[in-house]
Amino acid sequence: MAGQVDALYLFLVLISTFFSLLIAICIIYFAIRYRKTAGHSAEQIHGSTLLEIVWTVIPLGISMVIFVWGAWLYFHLERPPAHALEIYGEAKQWMWKFQYPAGQREINSLHVPTGQPVKVTLISDDVIHSFFVPAFRVKQDVLPNRYRMVWFEATTPGTYHLFCSQYCGTNHSAMIGEVTVMKPEDFAAWLESGKAEGSLASMGEKMFQQYGCTTCHRPDSGARGPNLEGLFGRPVRLQDNRVVLADENYIRESILDPNAKIVNGFQPIMPTFRGVINEDQMVQIVAYIKSMSQQTGEPLNNRSTPGQIRDTEVPNVQQQMQQDNQKQKPTGKQP
Amino acid sequence: MGQQREASTFGMWVFLLTEIMMFGGLFAAYMIYRLLYYHAFVAGSSSISVGWGFVYTLVLICSSLTMALAVSAAQRGIRRLQEIFIVLTMILGVVFLVIKGIEYNAKYQEHHIPGGFFQTFDAVKNHPGQEENIAAQEQERLEKGSKEQPALSPEAAKQAAAQIAKQSEIFFCFYFAMTGLHALHMIIGLVLMTWLLLKVRKGLFGPQYYTPVELSGLYWHFVDIVWIFLFPLLYLINRTHGH
Amino acid sequence: MSSTAETAEHVMPARHYLNDNYGIRSWLLTKDHKRIAMLYLISITVFFFIGGIFAALIRLHLLTPGGELFSKDVYNKLFTMHGVNMIFFFLVPSVPAVLGNFVIPLMVGAKDLAFPKINLLSWYIYIIGGTFSLIAMVSGGVDTGWTFYTPLSSGFLHTNVITMVVGVIFAGFSSIFTGLNFIVTVHRMRAPGLTWGRLPLMVWSNYATSIIMILATPVLAITLILLGLERGFHIGIFDPKLGGDPVLFQHMFWFYSHPAVYIMILPGMGVISEIIPCFSRKRIFGYSFVAFSSIAIAVFGFVVWAHHMFVAGISVYSAMVFSLLSYAVAIPSAVKVFNWTATMYKGSVSMDTPMLYAMGFIGLFTIGGLTGLFLAALGLDIHIHDTYFVIAHFHFIMVGGMVMAYLGGVHYWWPKMTGRLYPEAAAKLAAIVTFIGFNLTFFPQFILGYMGMPRRYAMYSPEFQVLNVLSSAGASILAVGFILPGIYLLWSLKYGPVAGPNPWRATGLEWQTTSPPPTHNFHQTPVVTQDAYHYGAGEEVTVVP
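Chains as they are written, first to last, in the numbering used here: chain L, 725 to 1059; chain B, 1464 to 1706; chain C, 40 to 584.
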């Protein structure tokens, strides 16, 4: 896509050069040709509606061409293709941290293969940053309260700059990194050589158990929380009958702010994990939930009759979670 | 003179337009957050007194009436009446500000001032005497249940209530920003009235020239109208069945 | 060098607005729009030089990639304060508060603006704002960037943000009062016979600007107030950790700041619309189209703000709407450029200094405006957003456009304001030096931006150095170009030839009175019977005594 961005740029450069030169030549020519000389006076011309229309319509037409072209590019740049290599990034003052699905981690450095679309899911730990790789012609602001995606497909091996392009404080200009593009074989070798405690999904599974998520989020019909198998990427019906898509932001919000969206048929009993789970761990849990994907396509609504949790069960549930947590992670906070 | 009066009136309308834009920005931000955090806004709104809100509205409407009567008296050149009505308007304005002070103080007592002072349902434990506390309110409401939402168990209700109470801080941000900005305009209005009163006492206004009275009236009516919008937006969110 | 100015012997009028009253009180308590314009002239020149010093320091620092001259924190303060000063304390008031204040009552045949005391009040409010800004600067500076994005500015920086923000709010109110005054003046105080269709385009432009000022600036005020509250009381309107949305700040901020750029450029366009006809001895081509373009720019300018936010997290569909509208707002500006060019066709052109600045404006504004098309193209903006391309784009418009227009206007109306002519040779030299310096400074930045150099970088990757050095070299030349007028304009006050009422033989009511004008502008209210640019209908433009 970078080549296509350059093509639009070139078109604009040509148009701009043409019109700038046209105007510059006209005014210089007129200033000389019609310079003030004795005995010659100006011709008073009121205007010409025809000319006004012409020089309104033509720029408008050219603008529309540019608009459509730019919009088409944008539409594609903002929509990652379905089967991209997923990398998770976290921006914080003043560094970039990346995690690969197989668990490798990098700081200020990103390795990607050629020939495959790569999607980087980004979030900020503090202020707004921006992920900018000039060579790939991509950029995306990285926000602190939701995931943003950027995607690209590298074509030529080499190292390229990664810049932070949203002013973020003292070391904004030092928040730079390197994107290393490798041929697929080399990339695979690099992945092998990286130390990893486990893939993101497997770490996420550990978190999932550690924080007691399995207590409620089970596939059986008595579960107090929605079943997460096959959830990711599918529509979910909420209590107020809205239907939302279960994407990364939905998962993250459900963990940090569970009462914002209650699934139809469930009670708002999920505790919040804000302050308990950090962004690194969040990414692992999201990766795990993604890995539980299946294909069926209808909105998930695996509880048809509300209120199936008996009220007497709830204190038990919460007690159990407390006990589980105290057993496995003594420092975990219970809100 | 005529041209000058027309020009001044036009100028005042243009100025009021700028004020509408300023309050408008604030109202727009309010609407966005109300849509995002509806329940928190309902909770916050139910913690401020509709009764006082209604009193404010009455006070301000009456003050607009006295102001209009002052303008009318100026048009007819009756100095005594002008003085009386302007003083009445000012008294009503002061009454408004006094009640506002009482209300703000109540919010202070309940620790509903946003920022460092804001406390949520932990306050119930520390200050057992405060029924008005939002979380406790919300918990009660959720345990009772309603048409839209079945009753929750005490623990579930407690948790949901805590979250709503925490989010209600944003409501109080807007409450203080909007009523604060409005109160500031009221104070400016009172200063304006004082200046006007001094001019009136000199007997300056009559059928030939009453522009300052008219323009002050316009400003006062504007401040009143802003309140007419503020009142339902802040005090009347989802108030049904004496809730 | 030759000049159009009549050099018949003129004498200064015995009494005029400058010598009508002496003493500091007569100046600080004046209600005369012309004196207020002079007060503004001095004040904004001071802020222009302050902002200019910051610019010089920035360009010096950027000579080397490692950024050795200043620490990063100091650099961050430099570019923030350069931006805040230039935008809020120089560009926004420049043409309206100096030239507009001086010339508009004269152009409509009035004694003064509709509300002279409010005019004076607007200057004082501006000074108070400027004082807050200066205090913020000397007591440690501000490093948020002139755009104050949250959550950086609301919770992560420990500089004098609130002081600076208060200064900006005051400057905003100053511009609101100026705008209010202009609107009422144009509506209610035109001389007999002066219909809307006969108004000079300077008036149309400032009128359109005033509409934007009164509608947009209050939104900036409330946005900055909310920012101040958030910083001071840690409330959560824009802070995501408390449930707020940082992108909301951007929406509210740009809702003002985009129309603000039209506040900055429209008055300059008005000046150009006065200069080109005068120095082509020809009526403006397409008067109504130029007039309505000003209004169109003002209206469309309100609905394009999110084109600053294409990569900030808005939805793809809103981005498309804003991109489309941004192309719509470019068209009226293009129409104006074509009309100005057509005005010179078959004219009788003389290249006096104001005309040089006007021609420079047309060329540079065209380039700047065309590069706006690059930025409005969604897919391309992803690459060039927040890079030096944007910096080059807005400097072409603001410096290559607006500052040139301002200087052109100052030179054009200098004889009217002071009764003196400036030295033509020095002025032409300054205009040319400025033009060359400007291009050398900012054209390389387009290339830098496309190569990927981000904005607000205290240090940069070495491959960007050559272009940065070129840019800094240009800046030194540009600085000379800006300092020269400071010198010779002051010189002309004492030693310049006396100008007489109409040295340019221009149309327009302001030239129908003495130079400088008397305090009450006209000895008797003029009556207008002709269109605005009635050049050519007998070259003699008579002066009503």
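Even for Gly, the Cβ is constructed at its ideal location relative to N, Cα and C.
Sub-7 Å separation of phenylalanine 171 of chain C and glycine 206 of chain C beta-carbons: The residue you call residue 171 of chain C lines up with position 132 of the third sequence. The residue you call residue 206 of chain C lines up with position 167 of the third sequence. Yes; because the gap between Cβ atoms is below 7 Å, this pair is in contact.
I'd like to know if proline 257 of chain C contacts chain B, where contact means its C-beta is closer than 7 Å to some C-beta of that chain. Here residue 257 of chain C refers to the residue found at position 218 of the third sequence. Yes, because at least one Cβ of chain B sits closer than 7 Å to the Cβ of proline 257 of chain C.
Using a cut-off of 8 Å between C-beta atoms, extract the partners of threonine 996 of chain L located in chain B. On the first sequence, position 272 is the one that residue 996 of chain L refers to. Chain B residues near threonine 996 of chain L: Gln1626.
Which stretch, first to last residue, makes up the beta strand (DSSP E) that contains glutamate 830 of chain L?
Mapped onto the first sequence, residue 830 of chain L falls at position 106. 829-831 is the span of the beta strand (DSSP E), which, as asked, contains glutamate 830 of chain L.
Is the separation between the beta-carbon of valine 300 of chain C and that of isoleucine 143 of chain C shorter than 7 Å?
For this step, residue 300 of chain C is matched to residue 261 along the third sequence. For this step, residue 143 of chain C is matched to residue 104 along the third sequence. Not closer than 7 Å, so no.
Name the chain B residues that come within less than 8 Å of proline 992 of chain L, Cβ to Cβ? Here the question's residue 992 of chain L lines up with position 268 in the first sequence. Here the neighbours are Leu1615, Ala1619, Gln1622 and Ala1623.
*Quick one, which of L:Phe742, L:His800, L:Met725 and L:Asp865 has its alpha-carbon nearest valine 851 of chain L's?*
Taking the first residue of the first sequence as 1, we reach residue 851 of chain L at position 127. The candidate whose alpha carbon is nearest that of valine 851 of chain L is L:Asp865.
Listed by chain order, chain B residues near valine 223 of chain C by CB distance under 7 Å:
Translated into the one-based positions of the third sequence, residue 223 of chain C becomes position 184. By Cβ distance, chain B contributes Ala1470, Phe1473, Gly1474 and Val1477.
*With which residues is proline 959 of chain L paired in a DSSP beta bridge?*
Reading the first sequence from its first residue, position 235 is the one you call residue 959 of chain L. DSSP output for proline 959 of chain L lists L:Leu969 as bridge partner(s).
**Report entry** Residue-chain proximity (valine 350 of chain C, chain L), Cβ-Cβ < 7 Å
**Finding:** Counting from 1 along the third sequence, the entry for residue 350 of chain C is found at position 311. Yes - at least one Cβ of chain L is within 7 Å of the one on valine 350 of chain C.
May I ask you to list, following chain order, the residues of the segment 888-904 of chain L that have a beta carbon less than 9 Å from some beta carbon of chain C? Cys888, Ser889, Gln890, Tyr891, Cys892, Gly893, Thr894, Asn895, His896, Ser897, Ala898 and Ile900
Original post:
What does methionine 1484 of chain B touch in chain C if you count any residue whose Cβ is under 7 Å from its own?
Top reply: As a first step, residue 1484 of chain B must be located in the second sequence, where it is residue number 21. Those are Leu254, Pro257 and Val258, listed as they occur along chain C.
Quick one: give me the first and last residue of the alpha helix (DSSP H) that cysteine 750 of chain L is part of.
In the first sequence, the residue the question calls residue 750 of chain L occupies position 26. Residues 726-757.
Query raised in the report: In three-state DSSP terms, what is tyrosine 56 of chain C?
Result: In the third sequence, counting from the first residue as 1, residue 56 of chain C sits at position 17. Looking at tyrosine 56 of chain C - three-state DSSP - the assignment turns out to be coil, as it is neither helix nor strand.
Taking all protein chains shown into account, decide if proline 1695 of chain B is buried (16 or more other Cβ within 10 angstroms of its Cβ) or exposed. Along the second sequence, read from residue 1 onward, the residue named residue 1695 of chain B stands at position 232. Per the 10 Å Cβ criterion, exposed.
- For proline 825 of chain L, which option in L:Tyr884, L:Leu915 and L:Ala762 has the closest C-alpha, if you only look at C-alpha atoms? Residue numbering aside, residue 825 of chain L sits at position 101 when the first sequence is read from its first letter. Ranking the options by Cα distance to proline 825 of chain L, first place goes to L:Leu915.
Margin query: Distance check for glycine 447 of chain C and isoleucine 311 of chain C, CA to CA, integer angstroms please.
Written below: One-based indexing of the third sequence puts residue 311 of chain C at position 272. One-based indexing of the third sequence puts residue 447 of chain C at position 408. Between isoleucine 311 of chain C and glycine 447 of chain C, the C-alpha separation is close to 8 Å.
- [ ] Measure the CB-CB distance between valine 338 of chain C and serine 365 of chain C and report whether it falls below 7 Å.
- [x] If you number the third sequence from 1, residue 338 of chain C lands on position 299. If you number the third sequence from 1, residue 365 of chain C lands on position 326. Not a contact, by the Cβ cut-off of 7 Å.
- Message: Less than 7 Å between CB atoms is the rule here; does threonine 1630 of chain B satisfy it with respect to chain C?
- Response: Residue mapping note: residue 1630 of chain B aligns to position 167 of the second sequence, counting from 1. According to the sequence displayed, residue 1630 of chain B carries glutamine and not threonine. Chain C contact via Cβ: present.
Worksheet item: How big is the Cα-Cα spacing for methionine 303 of chain C and leucine 254 of chain C?
Response: One-based indexing of the third sequence puts residue 303 of chain C at position 264. One-based indexing of the third sequence puts residue 254 of chain C at position 215. Looking at the two C-alpha atoms, the distance is approximately 15 Å.
Chain-ordered chain L contacts of alanine 369 of chain C [CB-CB under 8 Å]:
Counted from its first residue, the third sequence places residue 369 of chain C at position 330. The answer, in chain order, is Pro783 and Ser787.
Mind reading off the beta-carbon distance from isoleucine 1013 of chain L to leucine 924 of chain L? Whole number of angstroms is fine, and I expect it under 8 Å.
Numbered from 1 along the first sequence, position 289 holds the residue referred to as residue 1013 of chain L. Numbered from 1 along the first sequence, position 200 holds the residue referred to as residue 924 of chain L. Rounded, the Cβ-Cβ distance is 11 Å, inconsistent with contact.
| task | Going by CA-CA distance only, name the one from C:His72, C:Leu263 and C:Arg495 that's closest to histidine 559 of chain C. | result | As a working mapping, residue 559 of chain C is identified with position 520 in the third sequence. Nearest of C:His72, C:Leu263 and C:Arg495 to histidine 559 of chain C, Cα basis: C:His72.
Complete beta strand (DSSP E) runs within the segment 473-549 of chain C (minimum length 3 residues, chain order)
none
_Between the segment 424-440 of chain C and the segment 797-817 of chain L, can you find at least three pairs of beta-carbon atoms closer than 8 Å?_
no
Taking only three categories from DSSP, how would you classify histidine 573 of chain C? Taking the first residue of the third sequence as position 1, residue 573 of chain C is located at position 534. Of the three classes helix, strand and coil, the one that applies to histidine 573 of chain C here is coil, per DSSP.
Practice item. State whether the segment 376-393 of chain C contacts the segment 314-327 of chain C, with contact taken as three or more CB pairs (one from each stretch) at a distance under 8 Å. Key: yes
**Prompt:** Going straight from the alpha carbon of asparagine 60 of chain C to that of methionine 498 of chain C, what length do you get?
**Reply:** Numbered from 1 along the third sequence, position 21 holds the residue referred to as residue 60 of chain C. Numbered from 1 along the third sequence, position 459 holds the residue referred to as residue 498 of chain C. Using only the alpha carbons, I get a separation of about 54 Å.
May I ask you to report which of helix, strand or coil DSSP gives methionine 120 of chain C? As a working mapping, residue 120 of chain C is identified with position 81 in the third sequence. Correct three-state label for methionine 120 of chain C: helix.
Given that a residue counts as buried once 16 or more other Cβ atoms are within 10 Å of its Cβ, and exposed if not, what is arginine 1664 of chain B?
For the purposes of this step, residue 1664 of chain B is identified with residue 201 of the second sequence, where counting begins at 1. Under this definition arginine 1664 of chain B is an exposed residue.
Please report the distance separating the alpha-carbon of glycine 1514 of chain B from that of alanine 1623 of chain B.
The residue you call residue 1514 of chain B lines up with position 51 of the second sequence. The residue you call residue 1623 of chain B lines up with position 160 of the second sequence. Spanning the two alpha carbons is a distance of roughly 28 Å.
*asked:* Closest to leucine 263 of chain C by C-alpha separation, out of C:Lys116, C:Lys280, C:Thr198 and C:Tyr188, would be which residue?
replied: The residue you call residue 263 of chain C lines up with position 224 of the third sequence. Ranking C:Lys116, C:Lys280, C:Thr198 and C:Tyr188 by Cα distance to leucine 263 of chain C puts C:Tyr188 first.
| query | Near isoleucine 75 of chain C, which residues of its chain fall below 7 Å by C-beta distance, leaving aside the five closest residues on each side in sequence? | reply | The residue you call residue 75 of chain C lines up with position 36 of the third sequence. Cβ within range, chain order: Thr69, Asn140, Asn158, Leu159 and Trp162.
Exercise. Go ahead and pull the three-state DSSP assignment for isoleucine 1033 of chain L.
Key: In the first sequence, the residue the question calls residue 1033 of chain L occupies position 309. Caution applies to isoleucine 1033 of chain L, whose pLDDT of 38 falls short of 50 and renders its modelled position unreliable; the value that the coordinates give is listed next. Of the three classes helix, strand and coil, the one that applies to isoleucine 1033 of chain L here is coil, per DSSP.
Can you tell me which residues form a DSSP beta bridge with phenylalanine 911 of chain L?
Walking along the first sequence from the start, residue 911 of chain L turns up at place 187. None, per the DSSP bridge assignment.
- Message: So that I know if they touch, is there some Cβ in chain L lying closer than 7 Å to that of valine 355 of chain C?
- Response: Counting from 1 along the third sequence, the entry for residue 355 of chain C is found at position 316. Yes, valine 355 of chain C lies at the interface with chain L (some Cβ there is under 7 Å from its Cβ).
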